[in-house]
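Peer 1:
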DNA sequence: ATGATTTTGATCTATTCTGATCTAATCGCG
DNA sequence: CGCGATTAGATCAGAATAGATCAAAATCAT
């Protein structure tokens, strides 16, 4: 029986039955490991140095480096290669952050106008809320900020007059958020003036949904710990569904963009939900 | 004896005695790093001085400065260039991470060899421990990892078979760590097999010291929650002082590099501390 | 064993990088 | 304000590096 654990090269090794695999010279997997090892030990290396160290030609080393680069393990630069720095980690997340970017920025700007100095706010780990975080970094004001988002917290490094508290908990790679019972327990001892919550989806009957169970559970806790609740969701989210229900919109105010259909405007008015439509041109 | 007082740039200047850092191997990325370092150390430098220090022509230095200016890390003025105001603290961490890098990587490699699959470990927020984190990312094994370091957690995004738990608490910008009573409270409910702790300084009488009060307090909690304790400190840390005492070394094992003086080897042996000397060439 | 596929290494071409020289802009000083 | 001196920017040839192509070698499936 073969156990797959997500590592493709290991799978190949397990299935392959060559007894001569211990040979270090000619096998591609060994070469890739050797390159990674060499680059880690030296930080940076020219292609020539790698070729000498490994005993392969320049062309082969280049091809190997292409593979490693596509895996995100290394960074290739003119003149050689180096171990990838931590920054280029979340590809899917960054892609998601770019979708409907102008709408998200408009929404973030509208949300920023709601902030008051020296208050306590909570920022969710969503991509729309991240834009709000970016805006606060560029236009700082004294705030006490709570968040469960790694990227959100990162925005606030070295910004003066900000007290930033990150929730502890299990790291969820999909959106670099912290979730789980530890995060929820920590929330229980915190109270804040404003909550800015993103949403994976807003169901046709006007409820917030999330793609993740733990995230949804944590979102519920957030909602119960804030004096004012704002849901930041671009208009494309309305009328879509996700797996886990968080809460009805009725207890929150909504900030969205001008793309919201007249049907939904009426719907939200019928639910008694306060809606702010962010104007895309409304930048200061 | 060197007293560390929390001013990072002073630490760099005082301890910095390596001539090897300013040597660029003729490759662009090395030069950019060298310029960053030189400018960080001196605050301002003329183009001629940079060209002399790095060993490149004036034209090349100018072009490099253009790149760095577009990245926003420096400001160019007539006659030379200076570090951009905003990013000096951020650079301090990177500079610190690069100092004694080969020693730190050797230490990290020795620490990695101590890991066993499916155990629970805690990784401190120091720069040496960050190298261990990077090693785990490049060479993953199933682990339950706890940390209070934002950059450490970032390393583990999208790595399969890792359960990563980040301590909650107040964000400390200097080294992107989470500290404070909330972090300590969360530690109280966690127990792990191995702790890997960095150290700002190891005092002449063999005690761990830290530059930050909250960090020191948290470190004490960490030490009390682990079955095995490993202090990762390159040899330059021994015989230096910082402001806040964490704990004596006696209850921990030490991993350091071959630069440790014979005096200190004897000293540690006298204290009954188990010492591992990481060999810089000791790769698989 | 044999043919097909993949991998490797050498050669050639294209791109990028470097350093020198020349021209334009800026600074210091009377 | 103008002048000399210094510094910045532009251009270009030479060098180094990356990418593309192709034949030989190794590997794999039948």
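Residue numbers (our numbering), protein chains in the order written: chain R, 323 to 606; chain G, 323 to 606.
Beta carbons are placed, not taken as given, at the ideal position from N, Cα and C, and that holds for glycine.
So, for residue 571 (chain G): in the same chain, excluding its five sequence neighbours on each side, which residues have a beta-carbon less than 6 Å away from its beta-carbon?
Peer 2: Here residue 571 (chain G) refers to the residue found at position 249 when the second chain is read from its first residue. Closer than 6 Å at Cβ, skipping near neighbours: 528 and 595.
Peer 1: How big is the Cα-Cα spacing for residue 465 (chain R) and residue 560 (chain R)?
Peer 2: As a first step, residue 465 (chain R) must be located in the first chain, where it is residue number 143. As a first step, residue 560 (chain R) must be located in the first chain, where it is residue number 238. Each residue's Cα considered, the two are about 31 Å apart.
Peer 1: Please classify residue 585 (chain R): does DSSP put it in a helix, a strand, or coil?
Peer 2: Sequence index remark: in the first chain, residue 585 (chain R) carries index 263 (1-based). It is helical.
Peer 1: Grab me the residues of residue 443 (chain R)'s own chain with a C-beta within less than 8 Å of its C-beta, minus the 5 sequence neighbours each way, in chain order.
Peer 2: The residue you call residue 443 (chain R) lines up with position 121 of the first chain. If you ignore the 5 residues before and after residue 443 (chain R), its C-beta comes within less than 8 Å of the C-beta of 437, 465, 466, 467, 468, 514, 515, 516, 517 and 518, all in its own chain and listed in chain order.
Peer 1: Secondary structure at residue 477 (chain G), three-state DSSP: helix, strand or coil?
Peer 2: Indexing the second chain from 1 puts residue 477 (chain G) at position 155. Residue state for residue 477 (chain G) is assigned as helix, using DSSP reduced to three classes.
Peer 1: Once DSSP output is grouped into helix, strand and coil, what is the label at residue 597 (chain R)?
Peer 2: The residue given as residue 597 (chain R) occupies position 275 in the first chain. Strand at residue 597 (chain R).
Peer 1: Report all residues from its chain with a CB closer than 6 Å to the CB of residue 447 (chain G); omit the five preceding and five following residues, and keep chain order.
Peer 2: For the purposes of this step, residue 447 (chain G) is identified with residue 125 of the second chain, where counting begins at 1. The residues are 470, 471, 497 and 499.
Peer 1: Are residue 488 (chain G) and residue 490 (chain R) touching if we call contact CB-CB under 7 Å?
Peer 2: Taking the first residue of the second chain as position 1, residue 488 (chain G) is located at position 166. Taking the first residue of the first chain as position 1, residue 490 (chain R) is located at position 168. Yes. Within cutoff.
Peer 1: Please name the residue, chosen from G:569, G:397, G:534 and G:576, that lies closest to residue 557 (chain G) on a Cα-to-Cα basis.
Peer 2: Sequence index remark: in the second chain, residue 557 (chain G) carries index 235 (1-based). Residue G:576 is the option with its Cα nearest to residue 557 (chain G).
Peer 1: Are the C-beta atoms of residue 547 (chain R) and some chain G residue less than 7 Å apart?
Peer 2: Within the first chain, residue 547 (chain R) is the residue found at index 225, counting from 1. Output row for residue 547 (chain R): interface = no.
Peer 1: Put residue 602 (chain R) into one of helix, strand or coil per three-state DSSP.
Peer 2: Position 280 of the first chain, counted from the start, is the residue given in the question as residue 602 (chain R). Looking at residue 602 (chain R) - three-state DSSP - the assignment turns out to be coil, as it is neither helix nor strand.
Peer 1: Do residue 563 (chain G) and residue 525 (chain G) come within 7 Å of each other at the CB atom, strictly closer than that value?
Peer 2: Locating residue 525 (chain G) in the second chain gives position 203, counting from the first residue. Locating residue 563 (chain G) in the second chain gives position 241, counting from the first residue. Yes; because the gap between Cβ atoms is below 7 Å, this pair is in contact.
Peer 1: Tell me which residues share the same chain as residue 366 (chain R) and place their Cβ nearer than 7 Å to its Cβ, disregarding the 5 neighbours each side in the sequence.
Peer 2: Along the first chain, one-based indexing puts residue 366 (chain R) at 44. Counting only Cβ-Cβ distances below 7 Å, and skipping sequence neighbours, we find 402 and 404.
Peer 1: Starting from the C-beta of residue 406 (chain R), find all residues in its chain whose C-beta is less than 8 Å away, skip the five residues before and the five after it, and write them out in chain order.
Peer 2: The residue labelled residue 406 (chain R) in the question sits at position 84 within the first chain. Closer than 8 Å at Cβ, skipping near neighbours: 394, 395, 396 and 397.
Peer 1: Using only the alpha-carbon positions, how far apart do residue 371 (chain G) and residue 350 (chain G) sit?
Peer 2: Translated into positions along the second chain, residue 371 (chain G) becomes position 49. Translated into positions along the second chain, residue 350 (chain G) becomes position 28. Rounded to the nearest angstrom, the two C-alpha atoms are 18 Å apart.
Peer 1: Which value, in whole angstroms, describes the spacing of the CA atoms of residue 441 (chain G) and residue 461 (chain G)?
Peer 2: By 1-based counting over the second chain, the position of residue 441 (chain G) is 119. By 1-based counting over the second chain, the position of residue 461 (chain G) is 139. Approximately 16 Å, taken between the alpha carbons.
Peer 1: Give the DSSP-derived three-state secondary structure of residue 401 (chain G) in the structure shown.
Peer 2: Position 79 of the second chain, counting from 1, holds the residue named residue 401 (chain G). Reduced to three states, the DSSP call for residue 401 (chain G) is coil.
Peer 1: Using the Cα positions of residue 544 (chain R) and residue 582 (chain R), report the straight-line distance between them to the nearest angstrom.
Peer 2: Position 222 of the first chain, counting from 1, holds the residue named residue 544 (chain R). Position 260 of the first chain, counting from 1, holds the residue named residue 582 (chain R). Each residue's Cα considered, the two are about 26 Å apart.
Peer 1: With distance defined between alpha-carbon atoms, name the residue in G:601, G:414, G:425 and G:580 nearest to residue 363 (chain G).
Peer 2: Translated into the one-based positions of the second chain, residue 363 (chain G) becomes position 41. Out of G:601, G:414, G:425 and G:580, G:414 has the C-alpha closest to the C-alpha of residue 363 (chain G).
Peer 1: Give the DSSP-derived three-state secondary structure of residue 515 (chain G) in the structure shown.
Peer 2: Residue 515 (chain G) sits at position 193 when you count from the first residue of the second chain. Correct three-state label for residue 515 (chain G): strand.
Peer 1: Under 8 Å Cβ to Cβ from residue 388 (chain R), same chain only, skipping five residues before and after it: list those, please.
Peer 2: For the purposes of this step, residue 388 (chain R) is taken as the residue at position 66 of the first chain. Excluding positions up to five away in sequence, the list reads 398.
Peer 1: Output, in chain order, the set of chain R residues within a Cβ distance shorter than 8 Å of residue 440 (chain G).
Peer 2: To locate residue 440 (chain G), count along the second chain from 1; it is residue 118. Per Cβ cutoff of 8 Å: no residues; residue 440 (chain G) is ~12 Å from chain R at best.
Peer 1: Where residue 521 (chain G) and residue 542 (chain G) are concerned, what is the direct C-alpha to C-alpha distance, given to the nearest angstrom?
Peer 2: Counting from 1 along the second chain, the entry for residue 521 (chain G) is found at position 199. Counting from 1 along the second chain, the entry for residue 542 (chain G) is found at position 220. The straight-line gap from Cα to Cα measures roughly 12 Å.
Peer 1: Compare the C-beta of residue 501 (chain G) with all C-beta atoms of chain R and state if any pair is closer than 7 Å.
Peer 2: Start at 1 with the first residue of the second chain, and residue 501 (chain G) comes out as number 179. Judged by the 7 Å Cβ criterion, residue 501 (chain G) is not in contact with chain R.
Peer 1: Expressed to the nearest angstrom, what Euclidean distance is found between the alpha-carbon atoms of residue 599 (chain R) and residue 422 (chain R)?
Peer 2: Indexing the first chain from 1 puts residue 599 (chain R) at position 277. Indexing the first chain from 1 puts residue 422 (chain R) at position 100. When rounded, the distance between both Cα atoms is 15 Å.
Peer 1: Determine the contact status of residue 360 (chain G) and residue 378 (chain G), defining contact as a CB-CB distance below 7 Å.
Peer 2: On the second chain, residue 360 (chain G) is found 38 positions in, with the first residue counted as 1. On the second chain, residue 378 (chain G) is found 56 positions in, with the first residue counted as 1. Taking a C-beta distance under 7 Å as the contact criterion, residue 360 (chain G) and residue 378 (chain G) do not qualify as a contact pair.
Peer 1: Against chain G, which members of the stretch 368 to 379 of chain R pass a CB distance test of less than 9 Å?
Peer 2: 368
Peer 1: Could you tell me whether the Cβ atoms of residue 481 (chain G) and residue 459 (chain G) are closer together than 7 Å?
Peer 2: For the purposes of this step, residue 481 (chain G) is taken as the residue at position 159 of the second chain. For the purposes of this step, residue 459 (chain G) is taken as the residue at position 137 of the second chain. The beta carbons of residue 481 (chain G) and residue 459 (chain G) sit closer together than 7 Å.
Peer 1: Is it true that the CB of residue 386 (chain R) sits closer than 7 Å to the CB of residue 427 (chain R)?
Peer 2: Locating residue 427 (chain R) in the first chain gives position 105, counting from the first residue. Locating residue 386 (chain R) in the first chain gives position 64, counting from the first residue. Not a contact, by the Cβ cut-off of 7 Å.
Peer 1: Could you check the C-alpha separation between residue 485 (chain G) and residue 457 (chain G) for me, to the nearest Å?
Peer 2: For the purposes of this step, residue 485 (chain G) is taken as residue 163 along the second chain, with counting starting at 1. For the purposes of this step, residue 457 (chain G) is taken as residue 135 along the second chain, with counting starting at 1. Cα-Cα distance, rounded: 16 Å.
Peer 1: Mind checking if residue 544 (chain R) is an interface residue toward chain G, Cβ cutoff 7 Å exclusive?
Peer 2: Reading the first chain from its first residue, position 222 is the one you call residue 544 (chain R). Among the CB atoms of chain G, none fall inside 7 Å of the CB of residue 544 (chain R).
Peer 1: Under 7 Å, CB to CB, which of the residues in the stretch 571 to 586 of chain G have a partner in chain R?
Peer 2: Answer set for the stretch 571 to 586 of chain G: empty.
Peer 1: Looking at chain G, is there any beta carbon in it that lies within less than 7 Å of the beta carbon of residue 343 (chain R)?
Peer 2: Translated into positions along the first chain, residue 343 (chain R) becomes position 21. Summary for residue 343 (chain R): the model assigns pLDDT 31, below 50, so the residue's position carries little reliability; its value from the coordinates is reported in the next sentence. No, residue 343 (chain R) lies away from the interface with chain G (no Cβ there is under 7 Å from its Cβ).
Peer 1: From the DSSP output, which residues share a beta bridge with residue 578 (chain G)?
Peer 2: Looking up residue 578 (chain G) in the second chain gives position 256. According to DSSP, residue 578 (chain G) bridges with G:599.
Peer 1: Work out the CA separation of residue 432 (chain R) and residue 477 (chain R) for me, nearest whole Å.
Peer 2: Here residue 477 (chain R) is taken as the residue at index 155 of the first chain, counted from 1. Here residue 432 (chain R) is taken as the residue at index 110 of the first chain, counted from 1. If you take the alpha carbons of residue 477 (chain R) and residue 432 (chain R), they lie about 19 Å apart.
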